[in-house]
Amino acid sequence: MTTSDILEPGISPERIEKLKENMERVDHLSKRLVEVMANRKGHHPGLDGPNQELFARAATSYWAAMMQNPAKLMEQQVEFWGKSVLNFAEAQQKMATQEDDGAPVGKPSDRRFANPLWEKNPYFNYVKQQYLTNAETIRAAVEEVEDLDAIDRRRLSHFSDQIINMMAPTNFLPTNPDALEKALETEGQSLIDGLENLVADLQANDGELVVRLADESAFEIGGNIATTPGEVVYRNRMMELIQYHPTTETVHETPIVLFPPWINKFYILDLKEQNSLIKWVTEQGYTLFVVSWINPNSDYADTSMEDYIEEGFLTAIEKAKSICKVKQVNAIGYCIAGTTLSLTLALMKKRGDKSVKSATLFTALTDFSDQGDFTPFLQNDFVDAIIEEIGEDGILPSYIMARTFSFLRANDLIYGPAIRSYMMGETPPAFDLLYWNGDGANLPGKMAEQYLRGLCQGNQFADGGFELFGETLKLKDVDIPLMAITCETDHIARWKDCYRGVQQMGGRSKTFIVSQSGHIAGIVNPPSRNKYGHYTNTDLKSDAEGWMAGASFHEGSWWPRWEAWLKKRSGKQVAARKPGDSKHPSLEPAPGSYVKLRARG
């Protein structure tokens with residue numbers, strides 16, 4: 006008997022040969038997968054969710070309530086059974102009659118179920134409907150839990166939703182029509198490519214599953230992102246200070262020093278010419294300095310908040326003053342750097358240092374009494390696990406923070422990309438924002454513990470005072486002219502929480518703006534796009550709801566409004582300044598070296 010005798014009709018020898026090649030590739034990839042998983046270091050289990058005590062107390066509370074009112078339990082169960090039977094009956098009817106309701110009308114509200122087969126195919130429709138029924142029942146049960154405080158109820162709801170999202174049928178090959186169609190179209194090649202992507206991601210992250218969001222080969226820092234011309238004019242162990250080349254013949258006398266967050270890289274503000282805040286600021290006639298933070302390794306284990314303030318904020322301000330030969334600067338702080346700039350300003354108030362003329366805060370929390378979606382992650386069990394994880398190498402690895410942020414939008418930042426990469430074998434898109442999102446930084450252990458314990462958990466800056474440099478720093482000590490920019494749909498630093506902190510600051514001149522969109526898009530919102538508007542209200546006495554009720558809406562970016570405010574605090578026009586001086590010569594062109602240090606891989 007020859008090979009051709011046993012081939013099924015329609016399957017050519019070439020396809021059989023291709024199948025053999027793919028099987029060999031699967032074997033090779035499987036060995037690589039086993040190897041990388043065998044060398045996986047792992048992490049503290051407390052980082053993956055709450056301890057079992059929360060679920061135990063929730064279950065006890067639920068069943069106690071149901072035993073007191075068994076009729077309600079029966080009502081819930083009967084409703085669940087009824088919907089489940091109805092789902093099955095409808096699927097049976099469609100299978101028996103081969104009904105076709107035609108193409109679905111309109112777009113589905115849940116993007117996971119965009120494929121028409123979720124409606125037209127009886128099997129997929131049944132799977133979807135039963136999943137939605139299960140999800141609805143679980144959420145209803147969570148709502149019935151009463152004997153938990155507000156924080157634990159929020160945690161229970163959040164982590165229950167995580168389980169619901171994880172168990173979506175789209176996350177499994179046999180119940181994902183997009184992945185199955187792709188596998189058939191490519192004769193299984195998509196699954197091979199997906200396995201290749203999975204192994205590559207695991208290898209790049211020491212066995213931790215961190216889904217690549219962007220095609221990293223498409224970008225080069227300093228090549229096609231972070232390209233605004235400038236020079237590194239100072240460097241120490243904490244930061245590089247970049248001074249950007251002027252683009253106007255004259256500039257305002259008072260320079261700007263911009264402090265980006267050190268959880269991510271500064272080039273979010275310089276992704277490309279069309280949306281670069283850095284480039285735009287220089288075009289408005291300002292001397293701009295930007296701090297580029299070190300991406301710390303275990304050598305920085307004992308680096309503290311004091312070190313960031315002393316060797317970062319205060320040093321950058323002094324260097325900018327020296328280079329520009331001025332007594333004051335205007336300062337900008339974004340996210341955690343806005344929080345720390347506020348601490349720095351409170352410290353400078355204590356010391357009688359008037360080096361900062363005005364401050365601008367981008368999406369910066371200073372009152373941590375309510376942190377919205379982050380609240381489930383900031384309880385003792387999770388923070389204790391972080392501290393124990395830090396104890397291994399003295400740093401908080403970037404992927405832990407990135408994963409925490411991603412779980413706040415799990416379907417968009419975890420499951421969706423994983424499906425496209427691993428089940429459909431697609432190459433991640435060449436998207437600069439997603440590339441930046443995946444280029445995170447580690448945090449020094451001591452600094453992370455101070456921030457988490459003292460600010461996030463203790464709310465000490467707003468409540469009693471935060472101890473640094475032997476001083477008790479309070480929000481009321483921040484008393485210079487200030488503008489705070491927040492974002493309407495920001496899930497990281499909610500605008501209402503930012504507003505609460507600004508209200509407590511001691512300055513007489515405070516301006517508060519809410520931009521449309523989220524944590525990034527609301528800030529990186531160039532006027533040329535005319536995409537997102539913003540809200541203003543000069544009355545900061547009412548609560549957040551009252552402020553918004555009385556606010557005026559303005560079409561277009563907040564950038565011009567901010568620049569008009571800044572211009573009044575930036576002095577006369579002077580000749581444009583070349584970067585550096587005799588004591589601070591250029592060390593290398595922007596964007597420098599520190600920004601290119603990767604956390605992993």
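Residue numbering for the sequence shown follows our numbering, beginning at 6 and increasing consecutively.
A virtual CB, placed ideally from N, CA and C, is assigned to each residue, including glycine.
Just the C-alpha distance for Leu413 and His163, rounded to the nearest angstrom, thanks. Residue numbering aside, residue 413 sits at position 408 when the sequence shown is read from its first letter. Residue numbering aside, residue 163 sits at position 158 when the sequence shown is read from its first letter. Each residue's Cα considered, the two are about 9 Å apart.
Thinking just about the alpha-carbon of each residue, which of Glu84, Asp154, Ala96 and Lys99 is nearest to the one in Ile143? Within the sequence shown, the letter at position 138 stands for residue 143. Of the candidates Glu84, Asp154, Ala96 and Lys99, Glu84 places its Cα closest to the Cα of Ile143.
Under 8 Å, do Asn92 and Asp183 count as touching if we go by C-beta distance? By 1-based counting over the sequence shown, the position of residue 92 is 87. By 1-based counting over the sequence shown, the position of residue 183 is 178. For Asn92 and Asp183, no; Cβs fall outside 8 Å.
Three-state secondary structure (DSSP) of Pro121: Residue numbering aside, residue 121 sits at position 116 when the sequence shown is read from its first letter. The answer is coil: DSSP assigns Pro121 none of H, G, I, E or B.
Looking only at its own chain, which residues have a Cβ that is under 6 Å from the Cβ of Leu263, when we skip the five neighbours before and after it? One-based indexing of the sequence shown puts residue 263 at position 258. Hits under 6 Å: Val295 and Ile337.
Between Gly470 and Leu478, which are expected to be in contact by the criterion C-beta below 8 Å, what is the C-beta distance as a whole number of angstroms? On the sequence shown, residue 470 is found 465 positions in, with the first residue counted as 1. On the sequence shown, residue 478 is found 473 positions in, with the first residue counted as 1. At roughly 6 Å, the Cβ-Cβ gap stays under 8 Å, so Gly470 and Leu478 are in contact.
Would you identify the three-state DSSP class for Met488, choosing helix, strand or coil? Counted from its first residue, the sequence shown places residue 488 at position 483. DSSP places Met488 within a strand segment (E or B) once states are collapsed to three.
Might you give, ordered along the chain, the residues of its own chain that have their beta carbon closer than 7 Å to the beta carbon of Val110, omitting 5 neighbours on each side? Here residue 110 corresponds to residue number 105 of the sequence shown, with the count starting at 1. With a pLDDT of only 46 at Val110, under 50, the local geometry of the prediction cannot be trusted, and no value is derived from it.
Given Val529, which residues of its chain have a CB within under 8 Å of its CB, disregarding the five upstream and five downstream residues? Numbered from 1 along the sequence shown, position 524 holds the residue referred to as residue 529. Answer for Val529: Ile273, Leu274, Leu276, Asn280 and Leu282, listed in chain order.
Below 8 Å on the Cβ atoms is my guess for Gly512 versus Pro532; work out the distance and round it to an integer in Å. By 1-based counting over the sequence shown, the position of residue 512 is 507. By 1-based counting over the sequence shown, the position of residue 532 is 527. Wrong, their Cβ atoms sit about 27 Å apart, outside the cutoff.
Cβ-Cβ separation, Ile314 to Trp609 (assumed contact under 8 Å), whole Å: The first residue shown for the chain is 6 and the last is 606, placing residue 609 beyond what the model contains.
Among Met72, Arg425 and Asn126, which one has its Cα closest to the Cα of Gly97? In the sequence shown, the residue the question calls residue 97 occupies position 92. Checking the sequence shown, residue 97 turns out to be Gln, not Gly. The candidate whose alpha carbon is nearest that of Gln97 is Asn126.
Trp298 bridges to which residues according to DSSP? Position 293 of the sequence shown, counting from 1, holds the residue named residue 298. BP columns for Trp298 point to Met244.
Beta-carbon spacing of Ala188, Tyr420 below 8 Å: The residue labelled residue 188 in the question sits at position 183 within the sequence shown. The residue labelled residue 420 in the question sits at position 415 within the sequence shown. Cβ distance not < 8 Å, so Ala188 and Tyr420 don't count as in contact.
Report the option in Gly399, Asp372 and Thr494 whose CA atom is closest to the CA atom of Glu454. As a working mapping, residue 454 is identified with position 449 in the sequence shown. Ranking Gly399, Asp372 and Thr494 by Cα distance to Glu454 puts Gly399 first.
Give me the Cα-Cα distance between Lys536 and Ser562, rounded to the nearest whole angstrom. Here the question's residue 536 lines up with position 531 in the sequence shown. Here the question's residue 562 lines up with position 557 in the sequence shown. If I take the Cα positions, the gap works out to 7 Å.
Would you decide whether His33 is buried or exposed? Buried here means 16 or more other CB atoms lie within 10 Å of its CB. Here residue 33 refers to the residue found at position 28 when the sequence shown is read from its first residue. The Cβ neighbour count for His33, taken over all protein chains shown within 10 Å, is under 16; the residue is labelled exposed.
Tell me which same chain residues have a C-beta within less than 7 Å of the C-beta of Glu190, skipping the five on either side of it? The residue given as residue 190 occupies position 185 in the sequence shown. Nothing listed; no residue qualifies.
In the structure shown, what three-state DSSP assignment does Gln98 receive? In the sequence shown, the residue the question calls residue 98 occupies position 93. Gln98 carries a helical assignment under DSSP once its states are collapsed to helix, strand and coil.
Rounded straight-line distance, which links the Cα of Trp441 to that of Ala108: Walking along the sequence shown from the start, residue 108 turns up at place 103. Walking along the sequence shown from the start, residue 441 turns up at place 436. Only weak support is given to the placement of Ala108: the predicted model assigns it a pLDDT of 48, under 50, and the value that follows is read from those uncertain coordinates. Their backbone Cα atoms lie some 38 Å apart in a straight line.
By how many angstroms is the C-alpha of Glu29 removed from the C-alpha of Lys23? The sequence position of residue 23 within the sequence shown is 18, counting from 1. The sequence position of residue 29 within the sequence shown is 24, counting from 1. For Lys23 and Glu29, the distance between alpha carbons rounds to 10 Å.
Inter-residue CB distance, Gln509 and Lys481 (contact presumed, cutoff 8 Å): Along the sequence shown, one-based indexing puts residue 509 at 504. Along the sequence shown, one-based indexing puts residue 481 at 476. About 6 Å; that satisfies the 8 Å criterion.
Does the region 299-308 come close enough to the region 222-231 that 3 or more CB-CB pairs lie under 8 Å? no
Using CA coordinates, which residue listed in Ala155, Ile168, Phe129 and Asp154 is at the minimum distance from Ala140? Residue mapping note: residue 140 aligns to position 135 of the sequence shown, counting from 1. Considering only alpha carbons, the answer is Ile168.
Excluding five sequence neighbours on each side, which residues of the same chain lie with their C-beta closer than 6 Å to the C-beta of Ser411? Along the sequence shown, read from residue 1 onward, the residue named residue 411 stands at position 406. Excluding sequence neighbours, Ser411 sits near Leu418 and Ile419.
For Asp484 versus Lys354, is the C-beta spacing smaller than 8 Å? Taking the sequence shown and counting its residues from 1, the one referred to as residue 484 is at position 479. Taking the sequence shown and counting its residues from 1, the one referred to as residue 354 is at position 349. Yes.
Span of the alpha helix (DSSP H) holding Thr255? For the purposes of this step, residue 255 is taken as residue 250 along the sequence shown, with counting starting at 1. Note, Thr255: premise wrong, no alpha helix (DSSP H); beta strand (DSSP E) at Thr255 to His257.
Taking Gly377 as the reference, which of Gln462, Gly551, Phe436 and Arg217 has the closest Cα? As a working note, residue 377 is residue 372 in the sequence shown. The residue with the shortest Cα to Cα distance from Gly377 is Gln462.
Rank Ser591, Gly430 and Arg566 by C-alpha distance to the C-alpha of Thr516 and give the top, closest one. Within the sequence shown, numbered from 1, the residue matching residue 516 stands at position 511. Among Ser591, Gly430 and Arg566, the Cα nearest to that of Thr516 belongs to Arg566.
Sequence ranges, beta strand (DSSP E) only - wholly within the region 336-396, length at least 3: 361-367
List the DSSP bridge partners of Gln578. Walking along the sequence shown from the start, residue 578 turns up at place 573. BP columns for Gln578 point to His257.
Could you tell me the boundaries of the alpha helix (DSSP H) in which His163 lies? Taking the sequence shown and counting its residues from 1, the one referred to as residue 163 is at position 158. His163 -> alpha helix (DSSP H) spans Ala155 to Met171.
Quick one: what's got a C-beta closer than 6 Å to Leu2's C-beta in the same chain, skipping five residues either side? Within the shown structure, residues of the chain are numbered from 6 to 606, placing residue 2 beyond reach of any answer.
Please list the terminal residues of the continuous beta strand (DSSP E) segment that includes Phe4. With the chain covering only 6 through 606, there is no way to say anything about residue 4.
Gln248 vs Gly585 beta-carbon contact at 8 Å: Taking the first residue of the sequence shown as position 1, residue 248 is located at position 243. Taking the first residue of the sequence shown as position 1, residue 585 is located at position 580. Taking 8 Å as the Cβ cut-off, Gln248 and Gly585 qualify as a contacting pair.
Whole angstroms are fine: how far does the CA of Ser557 sit from the CA of Ser514? As a position in the sequence shown, residue 514 is number 509, starting the count at 1. As a position in the sequence shown, residue 557 is number 552, starting the count at 1. Distance between the alpha carbons of Ser514 and Ser557 is about 19 Å.
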